[in-house]
Amino acid sequence: MHDSELMSPREIAVLGVMIALVAAMTLIIVPIPATRGYFNLGETMIFFAAFVFGRKIAGLSGAIGAGLIDAIVAPYFLPATLIIKFSEGFVAGTIADALKKYGNLQAVRAFAVEIGGSIMIIGYFLYEAFILPIGITDGGGGGGLGAALIELPWNISQVLIGGLIAILLTTGIEKAYPRIADLRS
Amino acid sequence: MHRVDPRVKIVGAVMLTILCFFLSNLVFLSVLLLLLQILVLLTGVGWETYKRTIWLAVRLALIFILVWPFFDQAGEPLLLDLWAYKVTLPAFLRSVAVALRILLIASGWFVLIFTTPQSQLVRGLVKLGLRYDMGLSISIALRYLPRFLDTIEQIKEAQRSRGFDMDRGGPIMKAKNYIPILIPTVAIAMRTAEELSQVLVCKGYGASKARTYLHDLHMGAIDCIILVSIATIVPFLIGLDVLGFVQL
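Chains as they are written, first to last, in our numbering: chain F, 3 to 187; chain A, 192 to 439.
Structural data, given as structure tokens:
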């Protein structure tokens, strides 16, 4: 009865809800002025999705969730966000799943955050320094480096804090809502 | 503007964005930016909303211009010389080009987002080739986003009334304070997902691969004209630029 190519109803519902959560958390915090205008906890949800639901949901919810918000507030970042956030979630999910059996869950998750987060930090740095001003910087050096460097500390904090919260959150949820395991593929 | 088919607007926004990455000529950028402000006016959206939305783009554009001279000091004449901060005219103009590019992309997407209702946006994407199940997930997300934002606020209030002070501490503490908010929120979200998946099964999702719609999208004559124009002019211009006939 169900087409094997399409996602199952459960997957569609989980993905939809995760996209909404990533988007909501991307909107939630705006305390520090920065080039992107917000320091947000979207990362928390992407990593959470990676730990609980795996790389596909994490990648897709990251890309679409953050993408939806960027389409409205920062469309010049949209191409970068779609690719970078997808990769971040996908890689973090892949690492978390692959290394799960090697014991210390917290350490594995921290490592997943480190690698996934690095993709985000490096990705946005390169985008702002070289791709956003592409065709213009050929004229003279790396003018875009200025803006990219300003962004750097915010992105690093965002990943570190977002990742920390995600690890704590996942442990908390697994205790408070063990039924969440049923929603996994 | 609101009556234009969402597919045309989506293609327009995407093509504009692609075109922008080829544009470095200040004249072309300025003219296009002006044209887009006319489109923005035609949307009928208020100045307050536009100002609020475009403000982040303006801020980034200004930052680019301000910090550019630290890293690009090529060309003559030298306008300002402050140790490591050297502003040359060509470099300044380059930074202005990047700024205009940012503003242009922001304006274009503003027109798309603020003249297209969410349902039409998703429908347009699906008709353009997005997988139907993905479109469904996005629709679910758009519908529950405001609800989750409300939930988060409600839980914040509930915790606050129990004496939980969210505002103390530095950024790390403030972020950690979100955990007692997030755990119930995520639990609610997961319960929502469970219910939604059951609803989907009940509604016969997946029974047939082809879906029919109650209100479908129809392309009018104007839509076709706009679409064809965008789809030919933009690639043509980019082609000219790539082949070297024109410096965009």
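Here a beta-carbon is modelled for each residue, glycine too, at the ideal position from N, C-alpha and C.
Chain F within 9 angstroms of residue i, Cβ atoms only
{"i": "R322(A)", "result": "yes"}
{"i": "L257(A)", "result": "yes"}
{"i": "F339(A)", "result": "yes"}
{"i": "Q311(A)", "result": "no"}
{"i": "M192(A)", "result": "no"}
{"i": "A248(A)", "result": "yes"}
{"i": "Q350(A)", "result": "no"}
{"i": "V218(A)", "result": "no"}
{"i": "V377(A)", "result": "yes"}
{"i": "E267(A)", "result": "no"}
{"i": "R314(A)", "result": "no"}
{"i": "I332(A)", "result": "The displayed chain sequence assigns Ala, not Ile, to residue 332(A). Yes, contact with chain F."}
Classification of residue i by the beta-carbon crowding that lies within 10 angstroms, buried from 16 upward
{"i": "K200(A)", "result": "buried"}
{"i": "S352(A)", "result": "exposed"}
{"i": "P268(A)", "result": "exposed"}
{"i": "I421(A)", "result": "buried"}
{"i": "W274(A)", "result": "exposed"}
{"i": "V258(A)", "result": "buried"}
{"i": "P11(F)", "result": "buried"}
{"i": "C211(A)", "result": "buried"}
{"i": "L391(A)", "result": "buried"}
{"i": "N106(F)", "result": "exposed"}
{"i": "E344(A)", "result": "exposed"}
{"i": "D440(A)", "result": "Summary: the structure shown does not reach residue 440(A), with chain A confined to residues 192 through 439, and so no result is reported for it."}
{"i": "M364(A)", "result": "exposed"}
{"i": "V93(F)", "result": "buried"}
{"i": "Q166(A)", "result": "In the structure as shown, chain A begins at 192 and stops at 439. Residue 166(A) is therefore absent and cannot be evaluated."}
{"i": "I117(F)", "result": "exposed"}
Range covered by the alpha helix (DSSP H) that runs through residue i
{"i": "Y241(A)", "result": "238-262"}
{"i": "V199(A)", "result": "197-211"}
{"i": "D341(A)", "result": "323-352"}
{"i": "Y126(F)", "result": "107-128"}
{"i": "P375(A)", "result": "370-393"}
{"i": "E45(F)", "result": "44-55"}
{"i": "K87(F)", "result": "80-101"}
{"i": "S310(A)", "result": "309-318"}
{"i": "F427(A)", "result": "412-434"}
Residue closest to residue i, alpha-carbon to alpha-carbon, out of the options
{"i": "L333(A)", "options": "V313(A), D324(A), Y323(A), V249(A)", "result": "V313(A)"}
{"i": "I329(A)", "options": "L8(F), I14(F), S10(F)", "result": "I14(F)"}
{"i": "S159(F)", "options": "L128(F), V115(F), L134(F), L185(F)", "result": "V115(F)"}
{"i": "A252(A)", "options": "A150(F), F53(F), A22(F)", "result": "A150(F)"}
{"i": "G67(F)", "options": "K367(A), G326(A), L207(A), G235(A)", "result": "G326(A)"}
{"i": "I138(F)", "options": "I296(A), A290(A), R338(A), L223(A)", "result": "A290(A)"}
{"i": "G69(F)", "options": "K58(F), G165(F), A112(F), K87(F)", "result": "K87(F)"}
{"i": "V278(A)", "options": "I370(A), T208(A), S286(A), P260(A)", "result": "P260(A)"}
{"i": "P81(F)", "options": "D263(A), A282(A), I256(A), A297(A)", "result": "A297(A)"}
{"i": "I209(A)", "options": "I424(A), L434(A), G435(A), F436(A)", "result": "I424(A)"}
{"i": "V202(A)", "options": "I293(A), I245(A), L226(A), I304(A)", "result": "I304(A)"}
{"i": "V195(A)", "options": "L408(A), L336(A), T383(A)", "result": "L408(A)"}
Any C-beta of chain A under 9 angstroms from that of residue i
{"i": "F50(F)", "result": "yes"}
{"i": "L170(F)", "result": "yes"}
{"i": "S89(F)", "result": "no"}
{"i": "S120(F)", "result": "no"}
{"i": "A112(F)", "result": "no"}
{"i": "A25(F)", "result": "yes"}
{"i": "A109(F)", "result": "no"}
{"i": "R57(F)", "result": "no"}
Residues bridged to residue i (per DSSP)
{"i": "V278(A)", "result": "L271(A)"}
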